[in-house]
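Protein chains in written order, with the working numbering: chain E, 1 to 387; chain Z, 388 to 612; chain L, 613 to 1002.
Each residue gets a CB set at the ideal place from its N, CA and C atoms; glycine is no exception.
Nothing here was measured: the structure is a model prediction, and the numbers come from that model.
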Amino acid sequence: MNVLKLIYKNLFRHSLRSVLTILGVAVAVLAFGLLRTVVTAWSYGVEASSADRLVTRHAVSFIFPLPVAYRDQIAGIPGVTRVTYANWFQGIYKDQSFENFFPRLAVDAETIFEVYKEYEVPADQLAAFKKQRNSCVIGRKLAEQHGFKIGDVIPITGDIFPGRWEFTVAGVYAGKDKTADETQLFFHWDYLNERSRETAPWVTDQVGWYIVQIGQPNEAANISAAIDALYANSAAKTKSETEKAFQQSFVSLSGAIITSLEVISYVIIGIILMVLANTIIMSARERIREYAVLRTLGFTAFHVIGLIIGESLFISMSGGALGLALTFPVSSWFGAQFPTIFPVFAVQPSTVVLAALFALAVGLIAASFPAARSARMRIVDGLRQIG
Amino acid sequence: MSTLVEVQNVTKVYRRDTMEIPVLQNISLAVPEGEFLALMGPSGSGKTTLLNLISGIDQPTSGSIIVAGTDIAKLNETALAKWRSNHVGFVFQFYNLMPVMTAFENVELPLLLTNLSKKERKERVEAVLRVVGLEDRMDHYPKQLSGGQQQRVAIARAIVTDPTLIIGDEPTGDLDRKSAEEILILLGRLNKEFKKTIIMVTHDPHAAESAHKVQHLDKGELRQD
Amino acid sequence: MKIPISYNLRNLWTRRLTTSLTVGGISLVVFVFAAVLMLAQGVEDTLVATGSDDNVIILRKGSTTELLSAVSRDQIGIINTFPEVAVGADGTPYGTSDVVTIINLNKKQTKDMGNISVRGVSAGTTALRPQVRLASGRWFRQGSTEIVVGNKIHDQFENVEPGQEIQIGSKRWTIVGVYEAGRTGFASEIWADADMLMAEFNRSTTFSTYTFRLKDPADYDVIKTKLETEQRLQDLEVKREQQFYREQSEGMSVFIKALGLFITVIFSVGAMIGAMITMYAAVANRTVEIGTLRALGFRRRSVLAAFLAEALALSFIGGVVGLVLASFLQAVSFSTTNFGSFSELAFGFSLSMDIVISTMIFALTMGVVGGFLPAVRASRLSIINALRAV
């Protein structure tokens, strides 16, 4: 017989209530974990950023294009090792549903995979891609999702760049680590530009943004300023920043949504607290006389407080553990439904730690009121209670 | 025989909001070692309060209570807790066993406060359960025992630490005639054979007959007879 | 024989702490549920309100957003020759040629940057968009670099007070007024003179879109076919104005609704568990009472009804508290980037009678589901066992 056994046995005296409370805590922790995973997934791009890359885009909005002529000038700035560029092609694959959405980018085939070293393409596939004007390289996840294989032709109906487009799959890239986005399609910018001359002359010789690789990450601020200074008086002014800052600005565009989700995740903590506190107060109230008897035997008020807190923590931690255990499979399922909306959807360690901390805190807080009350109660009053 | 318990000029006043309710008025009492004392009196006479003071679960407003040489009226809460675990064994009217623990575990409970090993605890528990005649029901839960059996477990719990005093608050109050008889016989044995000092509150005159001495309380004062 | 309601209510009051905790939990869930519904309704209101049924918008084919669209002056001239286009008393067609671009402004509190749509409009715009009304200051003068700011932008972003200047393109433009536009997307824009704005971006003949009023809303299909078969208008697309703006925000709307629904489902499970716990405890604590009531002659179903009533009372109070809290959201504007148009869009929280009713039904349902099993247990206690339990 020891204290833990007493706590455990007391809890399961009212097993239905204890089980329900643990379930309640588990459900809430699951919701918390999921919401936070959605919030962290939103910033996946920030995590995937590389310290040695800058993004140069139109100062007003990345929507507006920049002249391709800027490329050589940017490459000439000291500290810049390589410059590549991309255009957001958009277009429609089959239809406008979530399932058929994936990023489609026109890139400089020669340099793109050298700047994005984390996207690994087998050498022969890369060579094939560079050789064939109308080919493309797609991400592994995208290939899996739609069953694309090397040699397949992917038809896209253009909108920004009108017309019917077909890209032959020349290669598949895989991300070096977990944070890489494997849902993109890259094709030749030159191909886009040629066709635009006929069909959409107002977009020729323009790029969406430049990706600038620099030699020294701590030179980022200086080089960014140098690039922007070049075009300060041009019609198309630029804004250069680290890739991380660029990705972060995307995240803050949806700031309101993210904040709401965070607020809701804290509301959840409040709910857990109320449900758990309710149960602990009820059970402590039923056992006032028992606690008084323990004290007549010589157990101190601290022992009693320990019992109450122990019970509360047992429920909150087991509910928390169960909720966390469920968070992983549920998140996987959720992320699998929207692979291109959330290319990287994983439960972050920070979420696990936060959930555990909250379970601990809630367990302590829920017990505080009944524990304090029992400490103040005199033995004789406690004995008088009808259980 | 030396005096085990000395109550000196003890007064107890309860404060309810702004009202003061005197429960015990200047009580003095001496209980020699090995005594079996019954405290009797009508409802509201203060007998339970006196019992509570002697057993250290309440403290007087003024006066001293000296048990085995220690004035427990002067001890703080922590010291009192320790003192209780060493010197007092309680028997309540409603048994007050932990429903989630077996008879064995209930009796073992006070020993958890000591430094005894698991083996030593087991020996002691089995020994006292034998004394009360329930060694074959060690693993039963209170709800599987009759009222009389539960009270016997409670008595086993009360003596397992070999306390100086056994305190009973209406120990037969909730029992039928036969069970009550068994309990009183058991208490008598504890007093005669094991030399335990017993102070018991009761309003049952038949129960009082088992005691050596009876003291009457009325309106917070001891009646001298 | 029915057990009086006061019995239930007094029981709830006696165990105030437990009652308030349970009510608190339920009200939080109700709050989230109502907030989600209100936001979805606010989104819907904005979608519906922006654009009207008798207006038609012309854009370049394949433009999902006005920013990427282009319609030339000549093409507008051709369109205006069709009889279906409504004309005023003086013969001028009811139409507005718009030029749309984006600028950056900083939000007031968070200092986050937002992309704001700047819409250059023609003189005819107010006739076509009656929801737009001046709230303070004055309207901009045609042919000047004056601008007016939508009230949602005025509320959320800094440095957009009348009298201040902002940079658009190469020039500084002066804010001379603030306009209201109800719940429409126009309220999150800045308006200027179309010709002046076009000059700024070196486009003298190309507008972004052309919007005109139909003489008869039923003419839509007719004019659509005519325009789409017209040779010189081959690269253009015809849509009802309302339909176009709806499509722009559809993705946003679906996403918010889906997320909200998902959250609510999980929350409601939690709330039901909370209600269940409380009700089970209530039953356990009042076993003797229940036995007594039955011994007195109250029937099983009265006991069932009594406990259900208590659960309903709990959830009713929780529902009301949650709704009251949610109603304060009506003062809040939810402003985020609409990925459909790449610019800022403000949604409000709209509380309608429908939402009030749905929310209360939701709350009461939680109470019934949570309280049902415990109530059944209460009614099933045998009298003897109940009275014996101490």
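Does DSSP put residue i in a helix, a strand or coil?
{"i": "L/S945", "result": "strand"}
{"i": "E/W88", "result": "strand"}
{"i": "E/Y266", "result": "helix"}
{"i": "E/I7", "result": "helix"}
{"i": "L/R844", "result": "helix"}
{"i": "L/H766", "result": "helix"}
{"i": "L/A987", "result": "helix"}
{"i": "L/R753", "result": "coil"}
{"i": "L/M613", "result": "With a pLDDT of only 48 at L/M613, under the threshold of 50, the placement of this residue in the model should not be trusted, and no figure is reported."}
{"i": "L/E812", "result": "helix"}
{"i": "E/T179", "result": "coil"}
{"i": "L/L993", "result": "coil"}
{"i": "Z/Q602", "result": "strand"}
{"i": "Z/H590", "result": "coil"}
{"i": "L/D702", "result": "coil"}
{"i": "L/R627", "result": "coil"}
Nearest-angstrom Cα distance between residue i and residue j?
{"i": "L/S734", "j": "L/I690", "result": "17 Å"}
{"i": "L/L963", "j": "L/M650", "result": "6 Å"}
{"i": "E/R373", "j": "E/I309", "result": "13 Å"}
{"i": "E/P343", "j": "E/Q184", "result": "9 Å"}
{"i": "E/T81", "j": "E/S240", "result": "16 Å"}
{"i": "E/L35", "j": "L/V712", "result": "36 Å"}
{"i": "L/T876", "j": "E/V25", "result": "16 Å"}
{"i": "Z/P592", "j": "Z/H599", "result": "13 Å"}
{"i": "L/S664", "j": "L/R741", "result": "8 Å"}
{"i": "L/D702", "j": "L/I688", "result": "18 Å"}
{"i": "L/V980", "j": "E/F89", "result": "53 Å"}
{"i": "E/Q96", "j": "L/S953", "result": "15 Å"}
{"i": "L/M613", "j": "L/V932", "result": "The predicted model places L/M613 with a pLDDT of 48, which falls under 50 and marks its position as unreliable; any figure quoted below should be read in that light. Whole-angstrom Cα-Cα distance: 30 Å."}
{"i": "E/I154", "j": "E/Y191", "result": "15 Å"}
{"i": "L/V1002", "j": "L/V900", "result": "Here L/V1002 scores only 48 on pLDDT, less than 50, and its place in the model is too uncertain to base an answer on."}
{"i": "L/D828", "j": "L/N771", "result": "43 Å"}
{"i": "Z/L498", "j": "Z/P447", "result": "28 Å"}
{"i": "L/I669", "j": "L/L659", "result": "15 Å"}
{"i": "Z/T489", "j": "Z/G575", "result": "26 Å"}
{"i": "L/L845", "j": "E/K149", "result": "40 Å"}
Spatial neighbours of residue i within its chain, please: C-beta separation below 6 Å, excluding the five flanking residues on both sides.
{"i": "L/L937", "result": "F643"}
{"i": "E/A321", "result": "none"}
{"i": "E/A292", "result": "I379, G382, L383"}
{"i": "L/L993", "result": "I902"}
{"i": "E/T84", "result": "D108, T111, I112, V115, I211"}
{"i": "L/S865", "result": "V655"}
Measuring only between beta-carbons, confirm whether residue i sits less than 8 Å from chain B.
{"i": "E/N222", "result": "Checking the listed chains, one finds no chain B in this structure; the protein chains it contains are E, Z and L."}
For residue i, return the contacting residues in chain L, with the cut-off set at a CB-CB distance below 7 Å.
{"i": "E/I257", "result": "T948"}
Less than 8 Å between C-beta atoms, sequence neighbours within five positions excluded: which residues of the same chain meet that for residue i?
{"i": "E/S312", "result": "L276, I280, G363, L364, A366, A367"}
{"i": "E/V251", "result": "W42, S43, G45, V46, I258"}
{"i": "L/K783", "result": "T757, E812"}
{"i": "E/T199", "result": "F161, P162, G163"}
{"i": "E/G387", "result": "For E/G387, the predicted structure reports a pLDDT of 47, less than 50, and the residue's modelled location is therefore unreliable. A value from the coordinates is still provided. These residues qualify, in order along the chain: E286, R287, I288, R289, E290."}
Quick one: list the residues of chain E neighbouring residue i, beta-carbon separation under 9 Å, in chain order.
{"i": "Z/F477", "result": "V293, T296, L297"}
{"i": "Z/P497", "result": "L297, G298, F299"}
{"i": "L/K673", "result": "D159, P162"}
{"i": "Z/T398", "result": "Residues of chain E passing the Cβ test: none, with the nearest at roughly 16 Å."}
{"i": "Z/V445", "result": "Looking at the sequence provided, one finds Asp at residue 445 of chain Z rather than Val. Per Cβ cutoff of 9 Å: R378, I379, V380."}
Please compile the residues from chain E whose C-beta is within a distance smaller than 7 Å of the C-beta of residue i.
{"i": "Z/M485", "result": "E290"}
Could you tell me which chain E residues have their CB closer than 8 Å to the CB of residue i, listed as they occur along the chain?
{"i": "L/F954", "result": "S61, I63"}
{"i": "Z/N502", "result": "Going along chain E, no residue has its Cβ under 8 Å from Z/N502, so there is no contact; the nearest lies around 14 Å."}
Just to make sure I have the definition right: I need the residues of chain L whose C-beta is within less than 9 Å of the C-beta of residue i. Which are they?
{"i": "E/G270", "result": "G636, G637, L640"}
* Could you please tell me which residues of the region 711-737 of chain L, in chain order, have their CB closer than 9 Å to any CB of chain E? => Contact residues of the region 711-737 of chain L toward chain E are T713, I714, I715, N716, K719, T722, D724, M725, G726, N727 (C-beta to C-beta distance below 9 Å).
* Selection of the region 933-952 of chain L by Cβ proximity to chain E, strictly under 8 Å -> F946, S947, T948, T949
* the region 304-335 of chain E: positions lying closer than 7 Å to chain Z by Cβ -> Near chain Z, meaning a CB-to-CB distance below 7 Å, no residue of the region 304-335 of chain E qualifies.
* Asked: Mind listing which residues of the region 7-22 of chain E have their C-beta closer than 7 Å to chain Z's C-betas, in chain order?
  -> K9, N10, R13
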